[in-house]
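Quick mapping for you: the protein sequence lines, in order, are chains A and E.
Residues in the first sequence are numbered from -14 upward in steps of one, following this note's numbering.
Residues in the second sequence are numbered from 2 upward in steps of one, following this note's numbering.
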Amino acid sequence: MTFKKRYLRVTNLLFVILLLVQLLPNQASKDPITAYTVWFAVGVEVIVLAASSFVKKIEGLNLFLDIIGFLYGLLIVWTLATAKFNLLNPALFPAPGQVFLQFVEDIDKILINIKSSVGIILEGYLLASAIAIPLGLFLGWGARLGNAATYISKFLGSIPPIVYIPYGIALLPTFRSVSVFVIFLATFWPVLAGTMSGVLNVEKRLIDSAKVLNVNKFTMLFSVILPAALPQIFIGCNQGLTVSFVLLTSAEMIGARDGLGYYVKQYSDFGDYTRTIVGLLVIGIVVIIISFLFNKLQRFLLRWKR
Amino acid sequence: MSKIEIQNLTVDYVERNKSFTALKDVSFSVEAGEFVSVIGSSGCGKSTLLSILEGINFPTGGQILIDGEPIKGTGSDRGVVFQHYSLFPWMTARKNVAFGIKQVKKKISKEERFRIADQFLDKVGLEDFKNKYPSQLSGGMQQRVAIARALAMDTDILLMDEPFGAIDAKNRTILQELLLKLWEGDGKQEKKTVVFVTHDIDEAILLSDKIVMMATNPGRVSKEIEVPFKRPRVRAELVQTKEYGVFRNELLSLFYSDIASKIGGDEVVL
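Structure representation (structure tokens):
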């Protein structure tokens, strides 16, 4: 790639504009916030330049730079509309620098909340998958039981798990256990349904292939049916993961004492919208990171698919 | 006693309250070390017959004996190659072969399994594709892996259900010659007993000791023919001979007389 293709990009131009915009005088005395925007932008630009220098495929670089370009554009507009020209209500729309500042100040609290939320999700999600996948294999394989189970799981799976929360609170000792329980339910039914339909849809000829190799039942179930059903199992797992986040953050807004949903809810109740925005952005970042890791795992386990 | 004895095999299906006879009184035998092709047009029940031999389908009448014992299901004395889907798509070529070996020889170590797998993949010319997944291999290469697996399992009997039926003409001849070479071996080892289903007459002549011709409606054996050509066979030389042409025409007229009777014509002129 030429120097021009690597470094002379609209994204880098937007970076320069973003810095220049910061030079304009602030409306109120908000000096530290300018510094925080600058530090954030410089940090991002370092990554951009590193990527521009080392990335080999132009398509990948284009995608990354386009996304960062949007980010810079947003920051420019946001800075102008808040800190520089005061076009928006400052109580509802904090300047970007204030958000970055708040993030840095609250980082300890945020990490604790991330740990709490992610911990609950992992616990409920892994527990549900660990039970639903083997159960789905057995139910899908035993055709008659599986038919009944399909209808039962359709009925139970159609109840939005969030409505279990009040009942869960009555049943279980802590709010944390209620959250785990709800995540468990949210994950269990889609994973079970995905696994059973995966098993039922395994090519008959693939099963014949295994039969003529004279495999025993255990090998048939775990070395043949399980991998063959894996693509559909992952569909269920994906669905469970998406619903889990929605549910957990909703649940945390109802009665938790920590967690990311609680962070957002608590500060918006106090009218602290800077922290509310910090919370929203952190939730977005956490979800993206987890989905990214999950996708990596999925790609690795399904690498044999074209 | 023959290696495989097929005795009065009958298969009736009931489909939408109509009964349908796929096989009627099929009987023939296969000697140990014999290569037998079952040939016939589609619908003659040749694949049904093979699936009973494989142990994944069961007859409504008659039985099949292997070494004098009736077949009760699948068994580790038989290796199978299908036309499609023999391989597991989530295993590399190597793992597919090693997995097959594991099912028949439970005691040997993992290293040994992979060593044998490599050895047989070399034999079918896939040295450089051992770690590829089936989706990364051509149809012909996939069948090579399936053959390597069946041979590596070292079963007495090989059952092949139109293994080259979906391969293009050029690769089909290459694979036929490869199979012929591997089966004939160097004359020192005992030959495997093979039942090979096909609808390709030249393929059947090249490979077999005996051809079992089947006819349709109901599926039945119409004729058993010994293939008179001596081994080792070389296709290029064999097809040049006058005897080959005569024998081939004889088979063709048998083959087409069945089709002619099915479509209601009197005779088909070749």
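Even glycine gets a Cβ: it sits at the ideal position worked out from N, Cα and C.
Computed from a predicted structure; not experimentally measured.
In the structure shown, A:Y57 falls within a helical segment according to DSSP collapsed to helix, strand and coil. Across the set A:A128, A:K94, A:S253 and A:D91, the C-alpha of A:A128 shows the shortest separation from the C-alpha of A:G183. Taking 9 Å as the cut-off, the beta carbon of A:T180 is found closer than this to the beta carbon of A:I118. For A:T67, there is no enclosing beta strand (DSSP E), as DSSP marks it with neither H nor E. In this structure, A:M(-14) lies away from A:I53, with their beta-carbon atoms at least 9 Å apart. Considering only E:E35, E:A23 and E:M2, the residue with the shortest C-alpha distance to E:V228 is E:E35. In the structure shown, E:M215 adopts extended strand secondary structure according to DSSP, grouped into three states.
Between E:Q120 and E:A94, the C-beta gap is not smaller than 9 Å, which leaves the two residues out of contact.
Its Cα nearest to that of E:L207, the residue E:Q241 stands out among E:Q241, E:R145, E:N218 and E:Q143.
Approximately 16 Å separates the beta-carbon atoms of E:Q8 and E:G56; this is outside 8 Å, ruling out the contact. Residue-level contact check: E:G141 does not touch chain A, since none of the beta carbons of chain A fall below 9 Å from its beta carbon. Closest in alpha carbon position to A:D257, among A:A76, A:Y149 and A:F279, is A:A76. Take A:A214, set aside five residues on each side of it, and the residues of its chain with a beta-carbon closer than 7 Å to its own are T180, G183, V184 and V187, in chain order. Judged by DSSP in its simplified three-state form, A:Q12 adopts coil rather than helix or strand. Across the set E:M92, E:L88 and E:G46, the C-alpha of E:L88 shows the shortest separation from the C-alpha of A:L191. Taking all protein chains in view, the Cβ of A:K69 is crowded by 16 or more other Cβ atoms within 10 Å, so the residue is classified as buried. If you draw a straight line from the Cα of E:I72 to the Cα of E:C45, it comes to about 22 Å.
Distance between A:T22 and A:V163, taken at the CA atoms: about 40 Å. At a cut-off of 9 Å between C-beta atoms, A:R190 counts as an interface residue with respect to chain E. Counting along the chain, the unbroken alpha helix (DSSP H) around A:V267 starts and ends at Y258 to L286. Counting along the chain, A:M181 sits inside the alpha helix (DSSP H) bounded by residues F160 to L185. Assignment of beta-bridge partners to E:S30 by DSSP yields E:E6. Straight across, the Cα-Cα distance linking E:I226 with A:V176 is about 56 Å. Residue contact with chain E for A:D193: present (Cβ-Cβ distance below 9 Å to some residue of chain E).
Contact check for A:R(-6) against A:L50 passes: the beta carbons are separated by less than 9 Å. E:V15 is bridged by DSSP to E:S20.
Here DSSP, grouped into helix, strand and coil, assigns E:Q241 to coil. DSSP places A:F0 in the helix class (H, G or I) of the three-state scheme.
Residues are counted here when their Cβ sits less than 7 Å from a Cβ of chain A; for the stretch 153 to 175 of chain E the count is zero. The beta carbon of E:M161 is closer than 6 Å to those of V82 and F197 in its chain, skipping five residues each way along the sequence.
In the displayed model, A:K(-10) falls within a helix according to three-state DSSP.
Among the residues of chain E, those whose CB is under 9 Å from the CB of A:K290 are P90, W91, Y134 and S136, following chain order. Separation of A:V197 and E:N18 (C-alpha to C-alpha, rounded to the nearest whole angstrom) is 30 Å. Out of A:W24, A:K290 and A:S38, the CA that lies nearest to the CA of A:Y(-8) is found in A:S38. Around the CB of E:M215, 16 or more other CB atoms lie within 10 Å, so the residue is classed as buried. Sorting A:L56, A:C222 and A:I154 by C-alpha distance to the C-alpha of A:A113 places A:C222 at the top.
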